[in-house]
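So the sequence shown is numbered by the working numbering: it starts at 2 and just counts up by one.
A virtual CB, placed ideally from N, CA and C, is assigned to each residue, including glycine.
Quantities reported herein were computed from a predicted structural model and do not represent experimental measurements.
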Amino acid sequence: MTDLAAIVKTYAGLGHHRTGSTKDRATVDWLETMLQGMGADITRHPFVFQQFDAHATWVGDHEPCPLLPLWYAGDGDLNTSELHIDSLDADGNHSPADVEVRLQEIIATARRKGAIATVVATLCANNGLCAINRAAGERLDFPVVLAPGGAVAALHQGTPELAWHAATSDASAENLSASFNPTGSGAPPLVITTPISGWFGCAGERGTGLAVALTTACRVGAQHPVLLVLNSGHEIGYLGGHRFHEGLKGPIGAVLHIGSCVADRTAYDGLTAPSVIANTNLANGAVQTVQDALAPLALAPQNPEHPLDPASWIGESQIWAQDGKPMLSIAGTSPNFHTVEDTVEACLDADLLETVTAALVVCAEALIGASGV
């Protein structure tokens, strides 16, 4: 029996999981070894991307808070106190489009004031420094540095001076796919997909979903062909997912997308309703099976209004939407989402991991049934 908690602990213990980093490569190596032990057929899928290498530090004695450059915002070197201090909402109630609009407003204000860089406090549930996903194609030509939401007052004290460096270079990363029971019934496989990269340790955001995905694939794969797709590139526009899908050969039967925080206890604890949502294009008896399976988690699956429109889905499920296959996507946020505080100690609940896995095994079987194979 798979030790789900051990998977979360090992994953988080590898370090910060940014795409193409040494930790990202170590994660792929570890997963390959584990999946080989499960009896799966493994394939690595390399892809190239524009890697953003940046750091920002305070100069002198005034160091109000930690900093993280916004990815793909500016390039070069700066050492300046000509800063515009601002803030933006970075919680789960604000979409990427909302964040983008706010960033453009902040940059316009900074330029109007004659600043040459901006430090932006991220207002999120735990008042920490909340990283913001950003694709290479969303470049900004103005340096933006993120800071904790709780540091707003400190940032406005004195005259902080910033040292900042950013550069972009060609790099590579890898996706990993694993086939379970590939010729068992001759039917097209169920795709189970989850991301493996992110900003920090990502114990709840990524680690819990990875544990659930691996275990669900192994259990369902004992009876039906399963293609487990583990994508890097999540935090840079779901790039690994796009690259894998572009290169996919052969038919598929259905898709189970396991996204962020699916078994993070802080996404469920003390809430009237979980901050996790489920979307599916299933209907009739299949959707009822999914509803019943997710009911112990207080999750009620919703049908997207436009199921072939990627914008109606969340995360990497957007990539698979236009295929029109039976699909279920489950993903959410937590108070520690995209922050360094997303740790094993904060998120781990072994019983919840097993409950979510058991539910998604049933959902996977419903997807297979709906695929008609």
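What number of angstroms, rounded off, separates the C-alpha of H246 from the C-alpha of A301? 28 angstroms
For N285, name the three-state secondary structure that DSSP assigns. helix
If we ignore side chains and look at the alpha-carbon of each, how far apart do E206 and M328 end up? 21 angstroms
Quick one: Cα of A312 to Cα of Q319, how far? If you take the alpha carbons of A312 and Q319, they lie about 7 angstroms apart.
For chain D, check one thing: does any of its Cβ atoms lie closer than 9 angstroms to the Cβ of T184? In summary, chain D is missing from the structure at hand, where a single protein chain is found.
Taking the continuous beta strand (DSSP E) assigned at P149, which residues delimit it? Unbroken beta strand (DSSP E) run through P149: V145 to P149.
Whose C-beta lies closer than 6 angstroms to the C-beta of W72 among residues of the same chain, with five residues either side of it excluded? F53 and R135
Ordered along the chain, which non-local residues of its own chain (more than five positions away) have a Cβ less than 6 angstroms from that of G75? Cβ neighbours of G75 beyond the five flanking positions: F143, P144 and A167.
What residue range is occupied by the uninterrupted alpha helix (DSSP H) comprising E247? That run of the alpha helix (DSSP H) goes L240 to G248.
Alpha carbon to alpha carbon, how far is K250 from P190? 12 angstroms
To the nearest angstrom, how far is the alpha carbon of G325 from that of V291? Spanning the two alpha carbons is a distance of roughly 18 angstroms.
Between the Cα of A367 and those of A287, E64 and S261, spot the shortest distance and give me the residue it belongs to. A287
Exposed or buried, which one is R113 when buried takes at least 16 other CB atoms within 10 Å? With fewer than 16 other CB atoms across the displayed protein chains lying within 10 angstroms of its CB, R113 is exposed.
Residues near A332 by beta carbon distance below 6 angstroms, same chain, minus five either side: G260, S261, I315 and G316
Judging by CA-CA distance, which residue of H18, R26 and I43 is the nearest neighbour of S180? I43
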